[in-house]
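One structure is given here, and the rest of the page talks about it.
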Amino acid sequence: MSTHNYITELNTPGVNPTYKRVVRQLVTPLLQKNLPVILSLKHLSVLLDIPYIVVHKIVYRDGDFYKVFAIKKRSGGKRWITIPDYFLMKAQKWINNNILNAQEAQAMLSINSTAYKKKSSHIVNASMHLGEKQLIKLDILRFFESISERQVFNVFKKLGYKNSVSLILARICTRVIPIHLDKRFIKNEQRWTTKYNYKYDQQKNKIKRIGHLPQGAPTSPALANFVCCNLDADIEDLIDQFNLNSYTRYADDIIISGNFQDKNTAISCIFRVSRILRNYGFKTNYLKTKYCGSGDRKIVTGICINDENQLRVPIEYKNKIRQEIYYIDKFGLLNHCERLNISNPLNYLMRLEGKINYIKTVELDKGIYFMNKLEKAIPNMNEIRLLNDLP
Numbered sequence: 001m002s003t004h005n006y007i008t009e010l011n012t013p014g015v016n017p018t019y020k021r022v023v024r025q026l027v028t029p030l031l032q033k034n035l036p037v038i039l040s041l042k043h044l045s046v047l048l049d050i051p052y053i054v055v056h057k058i059v060y061r062d063g064d065f066y067k068v069f070a071i072k073k074r075s076g077g078k079r080w081i082t083i084p085d086y087f088l089m090k091a092q093k094w095i096n097n098n099i100l101n102a103q104e105a106q107a108m109l110s111i112n113s114t115a116y117k118k119k120s121s122h123i124v125n126a127s128m129h130l131g132e133k134q135l136i137k138l139d140i141l142r143f144f145e146s147i148s149e150r151q152v153f154n155v156f157k158k159l160g161y162k163n164s165v166s167l168i169l170a171r172i173c174t175r176v177i178p179i180h181l182d183k184r185f186i187k188n189e190q191r192w193t194t195k196y197n198y199k200y201d202q203q204k205n206k207i208k209r210i211g212h213l214p215q216g217a218p219t220s221p222a223l224a225n226f227v228c229c230n231l232d233a234d235i236e237d238l239i240d241q242f243n244l245n246s247y248t249r250y251a252d253d254i255i256i257s258g259n260f261q262d263k264n265t266a267i268s269c270i271f272r273v274s275r276i277l278r279n280y281g282f283k284t285n286y287l288k289t290k291y292c293g294s295g296d297r298k299i300v301t302g303i304c305i306n307d308e309n310q311l312r313v314p315i316e317y318k319n320k321i322r323q324e325i326y327y328i329d330k331f332g333l334l335n336h337c338e339r340l341n342i343s344n345p346l347n348y349l350m351r352l353e354g355k356i357n358y359i360k361t362v363e364l365d366k367g368i369y370f371m372n373k374l375e376k377a378i379p380n381m382n383e384i385r386l387l388n389d390l391p
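Using UniProt numbering, read the sequence shown as starting at 1 and increasing by one per residue.
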C-alpha cells in the first residue's frame, strides 16, 4: 500500500486521533523506503499467511523449528546445517524477499561486501583484486553463528521498524542452540545471555539465552551483510591507512590487496583486521590466514587473479575437465562411466557440461574450446540435452 493510501485510510471518519498519529509515525518511514508495514505479531501473521499460533510459537521459542544435519568440509571436519521447517521457511523467505532484498535496504550495504547480493558473485569479488601483486586472506571463524539475535534486532530497527516488531523479526530469523549441544561455542559469553540484552526476558520469559543466525536459513546471508556494514567501513578505513588498493568481504572470506612495504607490514595489517573483527564479536580463523607475495599464485574465491588482464580458472580444475573429455573420447561415455563406477551417465555428463559452462563465465575462449571438444567426443550431444530436458 502506498503512503497516500495509508494516510487516506487513517483519515476515515471515526478513527481515533491518537491512533492515527501513532500509526502515521510508524508507517511513513517504512513506506518511504518501500518496506512492508508491520504493526504487530498478528498483523505479521496475516501478511505471512501463517496461522497466528504458529508465528507466536516461533517468536516465543516454543520448540525447535529446525532440522539439523552435518556435511563434511573439504578441509576436514563438519559443517552443521540447519533447515527451517515449512512455516518458518515460508516466513523467512517472505522477510528476505520483501524486506532484506528491497532496493532501498540493499543500498545501505557496502560495495565491498560482494556475497549474496544482486549483480554480484564470487567472480565479481575476484575481479576487484585482478592483477594485484600482494594480498592477505583472512577467514572468519563460525561466521553466521557469531552473529547474535541482538545484532539482528538492530538491523531491523535501523531499517525503520519499531522495537517490538524488530524483536519479532529477529526471533524469526535466529535460533537458540541448546547449551548441551554446543558448550564450546557459547561458553559463558555475556552477549549470549538475555541478562545483558533484553531486560524484559528476565521477568516475562523463561528464555535465558538469545539466538544466533542459523546456517541454512534463507535470511542469514543478507542479515550477515547488514550486520557487517560498520565492520566493512572500519576495514575500508584501515586499508586507506596502509595505502592499499582493494578490500572485499565475500561472506566470511576477507581479501585485502595492494602493495605492502614488506611482509611485516602485511602481518601488522592482519593483526589490525583481526582486532576489528574482535570488536564486532568475530574471531579470525588463523589456520586459513595467508599472505601472498609478488611471486605467489593468488586464488581469490576460487579464481586465479595473477594475470593482469584476465581472470583464470585454476589450472587444476581445467586439467581435470581436459582429462575427463579425453577419456570419454577414448573409451566412450558408457565405458568411461563404468570404469569410474558411475551409475547414471546422463547426470555425469550434465554435471560435466555445467563445469564447462562455469569455465565459460570466467574464461570464455577456454570454455568454448572445452565445449567443442566435448561435442566432438559425443556427436549426439544436442539430442542428449533434449533428453535431459524431458519431464
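Every residue, glycine too, gets a C-beta built ideally from N, C-alpha and C.
Treat the numbers as computed from the prediction; the structure is a model and nothing was measured.
| said: Starting from Tyr60, trace the beta strand (DSSP E) in both directions and tell me its first and last residue. | reply: Neither: Tyr60 is in no beta strand (DSSP E) and is coded neither H nor E.
| said: According to DSSP, simplified to helix, strand and coil, what is Val124? | reply: helix
| Collapsed DSSP secondary structure at Lys373 in the structure displayed | helix
| task | Assuming Phe370 and Ile356 form a contact by the criterion Cβ under 8 Å, report the distance between their Cβ atoms to the nearest whole angstrom. | result | 5 Å
| task | Go through the segment 94–157 residue by residue and report every complete run of the alpha helix (DSSP H) that reaches 4 residues or more, in order. | result | 103–106 and 122–127
| said: Once the 5 residues before and after Asn335 are set aside, which same chain residues still bring their CB inside 6 Å of it? | reply: none
| message | Nearest by alpha-carbon distance to Ser220: which of Asn96, Asn347 and Gly354 is it? | response | Asn96
| With DSSP run on the structure shown, which of helix, strand or coil describes Val300? | strand
| field | Local conformation of Arg175 per DSSP, three classes | value | strand
| said: Quick check: the segment 225–238 against the segment 272–283, are at least 3 beta-carbon pairs closer than 8 Å? | reply: yes
| Alpha carbon to alpha carbon, what distance is there between Phe144 and Leu41? | 26 Å
| message | For a quick check, are the C-beta atoms of Lys366 and Val300 less than 9 Å apart? | response | no
| request: Determine, using beta-carbon pairs with one atom in the segment 50–69 and one in the segment 83–90, whether at least three such pairs fall under 8 Å. | output: yes
| Burial state of Thr361, where buried means 16 or more other Cβ atoms lie within 10 Å | exposed
| field | Beta-carbon separation (whole angstroms), Leu244 vs Ile256, contact threshold 8 Å | value | 6 Å
| said: By the DSSP assignment, the alpha helix (DSSP H) with Gly354 in it spans what residues? | reply: Pro345 to Val362
| task | Write down every uninterrupted run of the alpha helix (DSSP H) in the segment 208–296 whose length is 4 residues or greater and which is fully enclosed by it, in chain order. | result | 220–227, 229–241 and 263–279
| task | Using the Cα positions of Ile328 and Arg322, report the straight-line distance between them to the nearest angstrom. | result | 10 Å
| message | With DSSP as the reference, identify every bridge partner of Phe69, one or two as the case may be. | response | Ile81
| Taking Asn309 as the reference, which of Thr114, Glu132 and Arg272 has the closest Cα? | Glu132
| Would the beta-carbon of Arg79 fall within 9 Å of that of Arg171? | no
| query | What do you get for Gly63, buried or exposed, if any count of 16 or more other CB atoms within 10 angstroms of its CB means buried? | reply | exposed
| request: Taking only the alpha-carbon atoms, compute the straight-line gap between Ile123 and Leu386 and give it to the nearest angstrom. | output: 30 Å
| query | Of the choices Leu167, Leu364, Met128 and Gln32, whose alpha-carbon is the least far from that of Ala102? | reply | Gln32
| query | So which of Gly302, Tyr326 and Lys263 has the shortest CA-CA distance to Ile315? | reply | Gly302
| Which residue's Cα is closest to the Cα of Leu135: Met108, Asn259 and Tyr250? | Asn259
| task | Within the same chain, show all residues whose beta-carbon is closer than 6 Å to that of Asn380, passing over the 5 residues directly before and after it, in chain order. | result | none
| query | Assuming Thr284 contacts Leu141 under a Cβ cut-off of 8 Å, what Cβ separation, rounded to an integer in Å, is found between them? | reply | 7 Å
| With distances taken from CA atoms, which of Gln151, Phe271 and Phe226 is nearest Lys117? | Phe226
| said: Just to confirm my understanding: we take Asp240, look at its own chain, exclude 5 residues before and 5 after, and list those with CB closer than 6 Å. What are they? | reply: none
| Within this structure, are the beta carbons of Ala115 and Tyr250 separated by less than 9 Å? | yes
| Extent of the continuous alpha helix (DSSP H) run through Gln323 | Ile315 to Phe331
| Can you tell which of Phe331, Arg339 and Glu324 has the C-alpha that lies nearest to the C-alpha of Met350? | Glu324
| said: Only counting the same chain, and skipping five residues up and downstream in sequence, which positions put a Cβ closer than 8 Å to that of Arg297? | reply: Cys304 and Asn306
| message | Bridge partners for Arg312 per DSSP, in chain order? | response | Cys304
| Could you give the C-beta distance for Arg272 and Leu238, rounded to a whole number, given that I count them as a contact under 8 Å? | 6 Å
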